[in-house]
Amino acid sequence: MACTHDHSCEDHDCSSNWSLYKHIDLAKVTALNEANPGSVKSVFKAWEDRLNSSGEHLESNEGDPELLVYIPFTSDVKIKSISVVGGADGTSPSKMRVFINREGIDFSDAQGMQPVQEWDLVENLQGVLEYQTRYSKFQSVASITLHFPESFGGDTTQIHYIGFKGEATQLKRDVVATIVYEITPNPSDHKTRAETGGGLSQVE
Amino acid sequence: MVLEATMICIDNSEWMRNGDYSPSRFQAQADAVNLICGAKTQSNPENTVGVLTMAGKGVRVLVTPTSDLGKILACMHGLEIGGEMDLAAGIQVAQLALKHRQNKKQQQRIIVFAGSPIKPDKKSLEMIGRKLKKNSVALDIVNFGEDDEGKTEKLEALLAAVNNNDSSHIVHVPAGPNALSDVLISTPIFTGDGEGGSGFAAAAAAAAAGGVSGFEFGVDPNLDPELALALRVSMEEERARQEAAAKKAAEEASKQEKGGEQQSSSQDATMTEHASGATSEADNKRNDLSDDDNALLQQALAMSMDEPASTHDVQDSEMSDAAADDPELALALQLSVQDSAKDSSSQADVSKLLADQSFVSSILASLPGVDPNDPSVKEVLASMQSQSEVSSSNLVTQQKQDEDKAPNEEK
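In structure tokens form, the structure reads like this:
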């Protein structure tokens with residue numbers, strides 16, 4: 001499940017593997033039980049910056065280490081593995097449960113539902129551990145929800161980096177993007193083929 | 001315009017029979033609920049509101065979150081008063097109702113009317129608050145009615161536990177002559193977080209403040225929102241320009257009179273009605289606008305304010321020069337030249353101008369066909385003394401009419 005990244009990174013460009021963060025729809029990323037609203041967006045960055053915690057990180061509320069992160073993608077992706085960098089002093093998350101393609105999960109849902117996959121995490125302060133997924137289940141992921149129920153004994157849970165390795169397809173889940181509601185039909189909005197110059201029909 | 005699903009928790013316990021809020025606590029609460037529902041659905045058409053009662057036989061959801069205002073108002077009918085309020089269960093049921101909202105994109109909000117004594121202790125309320133915060137549900141509390149010892153403290157503790165980034169609020173409404181809904185209108189519960197419902201709130205506040213005349217600009221924003229908006233915008237532009245010009249005024253020493261604006265002031269009469277009716281700070285409008293239009297408007301205002309003239313200017317001599325020809329035209333020309341040349345601040349002072357009998361009669365004398373001894377002209381001169389804006393604009397129109405009549409008569 002966990003593999004150690006024990007070759008030096010100069011040999012090949014690691015960061016290109018971890019480039020799924022570019023396909024995350026950052027504006028719609030949300031987290032429940034975060035101490036600073038909006039801080040969740042700071043954990044999605046390039047592989048090279050994963051240890052760069054000078055900016056914000058995601059922290060749960062005092063005394064409650066549970067965290068729920070909802071991540072929608074801009075197109076369907078296939079996820080091979082996930083990497084999580086937690087905080088020091090026991091504030092790293094100890095378990096991770098993921099749900100695929102479900103919106104609006106809250107804590108009671110997350111605690112009750114069977115996750116698609118779950119892992120026991122290890123403290124990963126250097127960001128060299130990755131957790132492989134059962135690839136067949138992660139073939140067309142439009143959104144992923146990560147549930148971190150516990151930490152390693154700390155009062156809160158801190159997350160500095162979440163990375164996804166995999167590939168992005170160009171497909172988009174069917175979302176009705178623009179709907180035009182017509183109260184009365186407007187003929188000028190509906191050009192027949194005859195008017196646009198195609199077809200053989202004639203309107204007399 | 002925040003997209004929100006709201007659950008309103010109504011207190012229909014025995015304590016609501018009390019009449020210290022008119023007509024009764026329960027009725028005041030119902031009015032407030034109606035107003036809130038209206039405000040929420042107006043601020044964003046996709047907002048939904050639901051209602052539940054906390055007392056009676058138990059917590060009962062009257063209507064699940066819906067955007068249909070009629071349904072909500074209908075369910076408020078025929079509610080019975082009785083029993084004791086169960087705050088904890090009420091909030092939990094509200095949370096559950098919000099969890100099952102149809103549009104998951106909506107933010108969740110609970111509004112609680114706490115009118116009777118609170119049974120749960122501070123600790124359990126704090127736990128409830130933390131659970132709400134964890135699920136990012138905002139909570140608004142309206143503390144009215146009974147004032148138990150510790151009630152305020154408990155509610156404040158609950159608010160502190162829920163509050164995330166100032167999205168939750170508490171309002172304490174003491175008993176008094178003001179209706180509950182009136183007090184609520186000015187609170188963040190109505191105005192959201194500074195956005196949204198403010199248009200509705202402003203209109204409602206105006207209505208509450210005193211009938212039809214309470215509307216800003218004399219136009220009901222609900223009846224004619226575009227006109228109200230246009231008036232408001234022009235008012236604010238006006239103010240901004242005046243502030244800018246006021247700075248210039250401080251530097252300028254001389255003030256010019258704009259007698260030539262008599263002709264345009266009548267056109268501006270309607271504008272001034274709006275303007276003068278609008279704000280009491282028309283006094284600030286003394287000052288200086290480089291724009292011709294604004295100057296005219298402002299001058300007309302000055303007339304209405306009946307300001308004593310500061311300096312009766314050299315305009316007189318200029319006028320008498322031009323008086324030989326067409327005094328009004330000459331004046332207007334002078335004016336526009338001065339405006340562009342100096343960009344000056346001028347104190348509009350037609351009232352003083354008109355008050356100067358000799359000046360006026362000299363003008364009238366120069367006008368063809370007008371006999372200063374004509375009784376109608378004398379009447380007109382007399383009426384000028386009364387110095388009301390309306391009459392002076394009427395005067396101008398009358399003068400114009402006299403002028404028009406005179407050449408006609410001549411023919």
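As they're listed, the protein sequences go chains A and B. Reminder that position 148 of the first sequence reads as 148 in the numbering used here, one-by-one numbering, no gaps. Reminder that position 83 of the second sequence reads as 83 in the numbering used here, one-by-one numbering, no gaps. Using N, Cα and C, we set each Cβ at its ideal position, and we do this for glycine too. On a predicted model such as this, the values are computed, not experimentally measured, just so you know.
Strand pairing of residue i, partner residues [DSSP]
i               : result
N436 of chain B : With chain B represented from 1 up to 411, any question about residue 436 of chain B goes unanswered, as that position is not in the structure.
Q158 of chain A : A:E59
Y70 of chain A  : A:T30, A:T145
E4 of chain B   : B:Q107
H172 of chain B : B:N143
I79 of chain A  : A:G166
C9 of chain B   : B:L52, B:V112
V137 of chain B : B:Q108
I24 of chain A  : A:F73
T66 of chain B  : B:V49
R60 of chain B  : B:T53
Classification of residue i by the beta-carbon crowding that lies within 10 angstroms, buried from 16 upward
i               : result
I128 of chain B : buried
S13 of chain B  : buried
M1 of chain B   : exposed
K22 of chain A  : exposed
H160 of chain A : buried
H77 of chain B  : exposed
G112 of chain A : exposed
Y131 of chain A : buried
G145 of chain B : buried
A27 of chain A  : exposed
R17 of chain B  : exposed
N186 of chain A : exposed
V208 of chain A : Because residue 208 of chain A is not part of the residues shown, which for chain A are 1 to 204, the question remains open.
I191 of chain A : First, the amino acid is wrong: residue 191 of chain A is Lys here, not Ile. So K191 of chain A ends up on the exposed side.
L249 of chain B : In the sequence as presented, Leu is not what sits at residue 249 of chain B; that position holds Ala. Buried, by the Cβ-count rule.
A88 of chain A  : exposed
T91 of chain A  : buried
N284 of chain B : Only weak support is given to the placement of N284 of chain B: the predicted model assigns it a pLDDT of 44, under 50, and the value that follows is read from those uncertain coordinates. By the 10 Å Cβ count, N284 of chain B comes out exposed.
I10 of chain B  : buried
P93 of chain A  : buried
V119 of chain B : Note that residue 119 of chain B is Lys in the sequence shown here, rather than Val. K119 of chain B should be labelled exposed.
H100 of chain B : exposed
Amino acids of chain A, ordered along the chain, whose beta-carbon sits closer than 8 Å to that of residue i
i               : result
N164 of chain B : P37
Closer than 7 Å at the beta carbon, the chain A residues around residue i
i              : result
K71 of chain B : By Cβ distance, chain A contributes nothing, its closest Cβ being about 21 Å from K71 of chain B, past 7 Å.
Proximal residues of chain A, C-beta to C-beta of residue i below 9 Å
i               : result
K104 of chain B : E103, G104
Cross-chain neighbours of residue i in chain B, by beta carbon under 8 Å
i              : result
N61 of chain A : R130, K133, K134
Original post:
At what residue ranges does the region 81 to 150 of chain A contain a whole run of the beta strand (DSSP E), taking only runs of 3 or more?
Top reply: Those beta strand (DSSP E) runs which fall completely within the region 81 to 150 of chain A and span 3+ residues are 95 to 100, 117 to 120, 129 to 132, 141 to 148.
Original post:
Between the region 127 to 138 of chain B and chain A, which residues of the former have a C-beta closer than 9 Å to a C-beta of the latter?
Top reply: Listed in sequence order: R130, K131, K133, K134, N135, S136.
**OP:** Determine which residues of the region 103 to 136 of chain A have a Cβ less than 9 Å from any Cβ of chain B, and write them out in chain order.
**Re:** Listed in sequence order: E103, G104, D106, F107, S108, D109.
**OP:** Scan the region 94 to 119 of chain B for residues whose Cβ lies nearer than 7 Å to a Cβ of chain A and list them as they occur along the chain.
**Re:** Legend: CB atoms of the region 94 to 119 of chain B lying less than 7 Å from CB atoms of chain A belong to residues K99, K104.
Original post:
Relative to chain B, which residues along the region 20 to 53 of chain A have a C-beta separation below 7 Å, given in chain order?
Top reply: Among the residues of the region 20 to 53 of chain A, those with a Cβ less than 7 Å away from any Cβ of chain B are L32, N33, P37, in the order of the chain.
Subject >> Contact list for the region 64 to 95 of chain A against chain B, Cβ threshold 7 Å >> reply: Cβ contacts with chain B come from D64.
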